[in-house]
Amino acid sequence: MTEFVRIASVRDLSEGTMIGVKVDKKDILIANLGGKFFAIGNRCTHQGCLLSKGNLEEDGVTCPCHFSVFNVKTGKVIRSPALKPEPTYEVKIQGFDVLIKPG
């Protein structure tokens with residue numbers, strides 16, 4: 282059973298920001314939307330670019346390479362050329378720690 286792993290402090294992620302982390306060889310993007318934290322895969326499913334290098338607007342993160350957009354709450358593709366959704370990861374806050382379950 283995979284345990285939760287501390288990946289950041291809530292102080293590292295102000296509202297409307299995101300960071301990329303690597304956990305268990307997985308690239309994961311963590312975003313703070315309105316004080317709630319979400320985690321999806323950080324490699325675009327189109328050609329593998331780092332989503333954390335893109336732009337976060339409302340619920341969507343835009344890939345910096347070919348401008349695919351993914352919903353950071355669900356991992357679903359909002360705009361192609363990507364067709365495959367991003368994996369999502371469970372997030373919880375414990376004190377000031379942001380923890381994810383890398384699955």
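In terms of my numbering, the sequence shown opens at residue 282 and continues consecutively.
Don't be surprised by glycine CBs; every beta carbon is placed ideally from N, CA and C.
Note that the structure is a prediction, hence the values are computed from the model and not measured.
Shown here, V291 sits in a helix according to DSSP, grouped into three states. One alpha carbon belongs to K334, the other to S349, and they sit about 13 Å apart. Per DSSP, R360 is one residue of the beta strand (DSSP E) stretching across 358-360. Excluding the 5 residues flanking it on each side, E338 has no same chain C-beta neighbour closer than 7 Å. With respect to the C-alpha of R360, the residue from I321, T369, T298, H347 having the closest C-alpha is H347. Put simply, the stretch 351-366 does not touch the stretch 300-307. Fewer than three CB pairs are less than 8 Å apart.
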